[in-house]
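Enquirer: My structure is below; once you've seen it, I'll send some questions.
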Amino acid sequence: MSSAASGASVRRVAVLGTGTMGQGIAQVTAQAGYVTHLFDVDAARIDRAIESIKQVTDRLVQKGKMLNEARSEIIGALVPTPDLARAAKDVDLVIESAPEQMDLKVGLLREVKSLAPESAILGTNTSSLSVTEIGNRIGAAHRTIGLHFFNPPPVMELLELVRGLATDDATVDTCLAVAKRLGKTPIVVNDAPGFATSRLGVVIGAEAMRMLESGVASVEDIDRAMELGYRHPMGPLKLTDLVGLDVRLAILEHLHKEIGEQFRPPAILRQMVRAGRLGKKTGEGFYRWTEAGPVPTSFKR
Ligand code: 3HC
8 MSSAASGASV RRVAVLGTGT MGQGIAQVTA QAGYVTHLFD VDAARIDRAI ESIKQVTDRL
68 VQKGKMLNEA RSEIIGALVP TPDLARAAKD VDLVIESAPE QMDLKVGLLR EVKSLAPESA
128 ILGTNTSSLS VTEIGNRIGA AHRTIGLHFF NPPPVMELLE LVRGLATDDA TVDTCLAVAK
188 RLGKTPIVVN DAPGFATSRL GVVIGAEAMR MLESGVASVE DIDRAMELGY RHPMGPLKLT
248 DLVGLDVRLA ILEHLHKEIG EQFRPPAILR QMVRAGRLGK KTGEGFYRWT EAGPVPTSFK
308 R
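Each residue of the sequence shown is one higher than the last, beginning at 8 in our numbering.
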């Protein structure tokens, strides 16, 4: 087996961004034995991400799901740094996990491209933006690929590989092997707005919000409908809270522009984002996230 096919050609990974996804992805890559550089422009955010990974893995040890030695290896594999040159040095794979804004992602990846080895694969954890455009704008389209993880990254089985128009076979093959080493099941999707996952996923979430706006049912009952009637692990409003209302809004705005009317963001979503109610990460969205668990918010018609 070639080293690309086994994933062994990748030894060092840089994860750029320490939001919910970035820290989860870093946990997954460190857990798979990759030396993982963890970068953010804000050093305090990196500290918080490392602390959170320590807490999550500590809970796994306490529950008997992880050996203490394995936990120590994960923490030891993490190399936190607010210096992009250091983060990019000698890495074989970059996973950019910055907020869902094209110019931000392009700016960061363009800079990292000039600092990382010329052979490094440039992955973007975008939920919906064009991988073809990102690759073209950073001037390395053949080695640019979408690596779309799902929240929470350590738990969710899927890794959606998004192939841009000019992404080469070697890049896809190496990422398929990396996905397997991460313990994920990969799918390969051609670049199209929202890929195979977000395009379907946000429709249910947006429709649930429109139903809430028009008073069809309460937050709790809309979620129960899908949890108990369709066996979704969590209802669409709770899931929106988990993903982040700002993230969902950015995806919907992009798909509305690219595909059409069915993706128009609901007014309630815009209002809640304006109010800073971004879901679990800010403590309030369609639910209030208390120590005792999520409590549904009541919305008046
Ligand atoms: N590392 C390792 N394991 C973890 C973990 C972590 N960081 N966090 C949780 N776990 C494990 C727990 O130990 C637990 O394991 P166990 O069942 O063996 O005890 C398991 O995950 C489940 O955790 P909990 O018991 O705390 O919670 P639930 O059983 O309620 O499950 C959930 C939580 C996995 C989030 C489940 O509700 C679910 O699958 N929800 C749907 C998630 C989803 O659809 N995500 C996709 C969103 S879309 C997206 O992300 C795309 C992006 O582009 C926007």
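Where is the CB? At the ideal position from N, CA and C, for every residue including glycine.
Being a predicted model, the structure only gives us computed values, none of them experimental.
Between the alpha carbons of residue 45 and residue 59, how many angstroms are there, rounded?
Expert: Each residue's Cα considered, the two are about 13 Å apart.
Enquirer: In angstroms, rounded to a whole number, what distance separates the CA positions of residue 175 and residue 146?
Expert: Each residue's Cα considered, the two are about 14 Å apart.
Enquirer: When the distance is taken between beta carbons, is residue 153 closer than 7 Å to residue 169?
Expert: Contact: yes.
Enquirer: Do residue 37 and residue 102 have their beta-carbon atoms positioned less than 7 Å apart in this structure?
Expert: Contact: no.
Enquirer: Could you tell me if the beta carbon of residue 218 falls within a distance shorter than 6 Å of some heavy atom in the ligand 3HC?
Expert: Residue 218: no, Cβ never under 6 Å from the ligand 3HC.
Enquirer: Taking the runs of the alpha helix (DSSP H) that are 4 residues or longer, which of them lie wholly in the stretch 240-290?
Expert: Qualifying alpha helix (DSSP H) stretches, in chain order: 243-250, 252-265 and 274-281.
Enquirer: Could you pull the start and end residues of the alpha helix (DSSP H) that residue 80 belongs to?
Expert: From DSSP, the alpha helix (DSSP H) with residue 80 extends over 75-84.
Enquirer: On a CA-only basis, which of 206, 163, 104 and 22 is nearest residue 94? Give me that one, please.
Expert: Checking every option, the nearest Cα to that of residue 94 belongs to 22.
Enquirer: Assuming residue 19 is part of the beta strand (DSSP E), what are its boundary residues?
Expert: 19-23 is the extent of the beta strand (DSSP E) around residue 19.
Enquirer: How far does the alpha helix (DSSP H) with residue 130 in it reach, from first residue to last?
Expert: Segment 128-131 is the beta strand (DSSP E) holding residue 130; no alpha helix (DSSP H) there.
Enquirer: Rounded to whole angstroms, what's the CA-CA distance from residue 108 to residue 305? Just pull it up for me.
Expert: Rounded to the nearest angstrom, the two C-alpha atoms are 31 Å apart.
Enquirer: So residue 103 is in the beta strand (DSSP E); what residue range does that whole segment cover?
Expert: It spans 100-103 - the beta strand (DSSP E) in which residue 103 sits, taken as one unbroken run.
Enquirer: Which word fits residue 97, buried or exposed, when buried means at least 16 other C-beta atoms lie within 10 angstroms of its C-beta?
Expert: So residue 97 counts as exposed.
Enquirer: By the DSSP assignment, the alpha helix (DSSP H) with residue 170 in it spans what residues?
Expert: Run containing residue 170: none in the alpha helix (DSSP H); it sits in the beta strand (DSSP E), 165-170.
Enquirer: Can you list, in chain order, the residues of its chain with a C-beta nearer than 7 Å to that of residue 115? Leave out the 5 residues immediately preceding and following it.
Expert: If we look at residue 115 and ignore the five residues flanking it on each side, its Cβ neighbours are 23, 103 and 105.
Enquirer: Return the bridge partner residues of residue 195 from the DSSP annotation.
Expert: The partner list for residue 195 (beta bridge, DSSP) reads 168.
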